[in-house]
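Peer 1: For the sequence shown, our numbering assigns the number 274 to the last residue and increments by one with no breaks.
Every residue, glycine too, gets a C-beta built ideally from N, C-alpha and C.
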Amino acid sequence: MVWICPICELGLDRNTQGWSCVNQHSFDEAKEGYVNLLPAHQKRSKNPGDNLKMVQGRRTIHDSQLYQPLAEVLSSIVKQYADSSALLDIGCGEGYYGGFIARTVPTVTLYGIDIAKSAVKLAAKTYCDQHFAVAGARRLPVATSTIDLAMCIFSPSTDSEVARVLRSGGHYLEVGPAPSHLWELKTALYDQPHEHKALRRAVSGSTLTQEGEVNYEKQLNNAQLRALIDATPFAFRGHREKRAQLREQASVTLTMSFSWRLFTQMKQPTTV
Ligand SMILES: C[S@@+](CC[C@H](N)C(=O)[O-])C[C@H]1O[C@@H](n2cnc3c(N)ncnc32)[C@H](O)[C@@H]1O
Ligand SMILES: [Zn+2]
C-alpha cells in the first residue's frame, strides 16, 4: 500500500477500523471505502476543492460520454507506458478517468486523491476496487518512489511532490484544455473571450516524452449543457444575464479540445 501518514509520514497499515502508523496516528475508513488523510491544519477552508454541485455536474457530463474520446486516448497512453503499474490520479474528482482507465487497462492499480471530500466519496462509491483518499496535491500522502505514472487532469499539482512519489523513470501525464476548448460557451458568456493558455512543455527533472491533442465536436442537450456549466467556472463567471440565456438553450454544439504531455522522470530526487 502506498498511503503514508499525513502527520509523521510513516507508512500506513490497514486495520479493522481503517489505517494507522506505528506512531498510533489513525484514520477511519469511510463506509464508501475511502480514507480521509487531510488533517484539519492542512485545510485552508472548511470544505476545500470543488463543491457538491460541481461534482454532481461533472458526474452527469461524464455519464453522457462528453469526455469519452479523451478518456480513450488517456487509456491508450497508460496501456503503452504503464500497464501493470501503480497509477496516481491527482485531483481525481468523482473518479471518471481513473475508472475508465482501470476498466480498459485492468492490470493497473489505481490510487486517487482529491481535496474535495464530496468528490472522493462519490469516486469511492462508484469505483469500489480502486483506492481513494481525501488529500491535497501540495502534500501527497503517498510513499516516496512508489508510483509508475501520476496523472493530473484539469487539476492542480505540485511538481516536487510528483517527483518525490514517482519511481525513477516513472511518468507524469498532464492534461488540460487546448486554446479553443469550449469556445462556444466563452463567446456566449463574454464580450471579449480569451483562449486558454497552452499547456507547459517542460517540467524540471523530467523530459518531455510524448505530447498530443484531442479534438472533436459534441452536441449537448439542455440538461447536459446545464450540468457542464455547473461543473465548470462558467457557473460563476461571465455575464449573469448571458449565462441565464445560455442555460435556456435547447442544445449547443461544442468544440472539445485538449492537450496532453507525458513527461518521464530522469532520476529520483535526493531530497524528500
Ligand atoms: C476541474 S476538476 C477535475 C477533476 C477530474 N480530474 C476530472 O477531470 O474529472 C479539479 C479537481 O481538483 C480538485 N482540487 C482542487 N485543488 C486541489 C488540491 N490542492 N489538491 C487536490 N485536489 C484539488 C478539485 O476538488 C476538483 O475535483
Ligand atoms: Zn503517523
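(1) How is A179 classed by DSSP in three states: helix, strand or coil?
(2) Hey, out of P108, T106, D131, whose CA is closest to G114's CA?
(3) Can you tell me where the alpha helix (DSSP H) with L151 in it begins and where it stops?
(4) Scan the stretch 195-242 and note each continuous beta strand (DSSP E) run of 3 residues or more that stays entirely inside, going in chain order.
(5) What would DSSP say about A42, mapped onto helix, strand or coil?
(6) What residues in its chain sit with their C-beta under 6 Å from that of T111, if we drop five residues either side in the sequence?
(7) If the criterion is Cβ atoms closer than 7 Å, does the pair P143 and W21 meet it?
(8) Let me confirm a value: Y218 is counted as buried when at least 16 other C-beta atoms fall within 10 Å, else exposed. Which label applies?
(9) Go ahead and pull the three-state DSSP assignment for R249.
(10) Less than 6 Å separating the Cβ of F156 from some heavy atom of ligand 1?
(11) On a Cα-Cα basis, can you pick out the residue from F260, R61, L14 that is closest to P179?
(12) Which residues end up in the neighbourhood of ligand 2 when you take C-beta atoms closer than 6 Å to any of its heavy atoms?
(13) Among residues of its own chain, excluding the 5 on either side of G51, which ones have a beta-carbon nearer than 7 Å to its beta-carbon?
(14) Near P158, which residues of its chain fall below 7 Å by C-beta distance, leaving aside the five closest residues on each side in sequence?
(15) Among Y36, L14, T266, V37, whose alpha-carbon lies nearest the alpha-carbon of M153?
(16) Kindly indicate the opening and closing residues of the alpha helix (DSSP H) around H64.
(17) Quick test of your reading: L39 and P71, contact by CB under 8 Å. State the CB separation rounded to the nearest angstrom.
(18) If you compare alpha carbons, which of D193, L14, P108, T128 is closest to K244?
(19) Is I149 near ligand 1, judged by its Cβ being under 6 Å from some heavy atom?
Peer 2: Taking the definition as stated:
(1) Against the sequence shown, residue 179 aligns to sequence position 177. Residue 179 is actually Pro in this sequence, not Ala. Strand.
(2) Position 112 of the sequence shown, counting from 1, holds the residue named residue 114. In terms of Cα proximity to G114, the closest of P108, T106, D131 is D131.
(3) Here residue 151 refers to the residue found at position 149 of the sequence shown. Taken as a continuous stretch (DSSP letters only), L151 belongs to no alpha helix (DSSP H), being part of the beta strand (DSSP E) at 149-155.
(4) Unbroken beta strand (DSSP E) runs of no fewer than 3 residues, entirely contained in the stretch 195-242, are found at 208-223, following chain order.
(5) If you number the sequence shown from 1, residue 42 lands on position 40. A42 carries a helical assignment under DSSP once its states are collapsed to helix, strand and coil.
(6) Translated into the one-based positions of the sequence shown, residue 111 becomes position 109. Answer for T111: A88, listed in chain order.
(7) Numbered from its first residue, the sequence shown carries residue 143 at position 141. Numbered from its first residue, the sequence shown carries residue 21 at position 19. For the pair P143 and W21, the CB atoms are not nearer than the 7 Å cut-off.
(8) Here residue 218 refers to the residue found at position 216 when the sequence shown is read from its first residue. Under the 10 Å beta carbon count, Y218 is surrounded by fewer than 16 other beta carbons and is classified as exposed.
(9) The residue you call residue 249 lines up with position 247 of the sequence shown. Three-state result, R249: helix.
(10) The residue given as residue 156 occupies position 154 in the sequence shown. Correct: F156 has its Cβ closer than 6 Å to ligand 1.
(11) Stepping through the sequence shown from its first residue, residue 179 is reached at position 177. Ranked by Cα distance from P179, the first of F260, R61, L14 is F260.
(12) Look at which beta carbons fall closer than 6 Å to any heavy atom of ligand 2; those residues are C7, I9, C10, L12, C23, N25, H27.
(13) Within the sequence shown, numbered from 1, the residue matching residue 51 stands at position 49. Counting only Cβ-Cβ distances below 7 Å, and skipping sequence neighbours, we find D116, I117, A118, A121.
(14) Here residue 158 refers to the residue found at position 156 when the sequence shown is read from its first residue. Closer than 7 Å at Cβ, skipping near neighbours: G93, A139.
(15) Residue mapping note: residue 153 aligns to position 151 of the sequence shown, counting from 1. Answer by Cα proximity: T266.
(16) On the sequence shown, residue 64 is found 62 positions in, with the first residue counted as 1. For H64, the enclosing alpha helix (DSSP H) stretches over residues 54-65.
(17) Working through the sequence shown from its first residue, we reach residue 39 at position 37. Working through the sequence shown from its first residue, we reach residue 71 at position 69. Taking C-beta atoms under 8 Å as the contact rule, L39 and P71 fail to qualify, at a distance of about 33 Å.
(18) As a working note, residue 244 is residue 242 in the sequence shown. If we check each option's Cα against that of K244, D193 comes out closest.
(19) Residue 149 sits at position 147 when you count from the first residue of the sequence shown. Incorrect: I149 has no Cβ contact closer than 6 Å to ligand 1.
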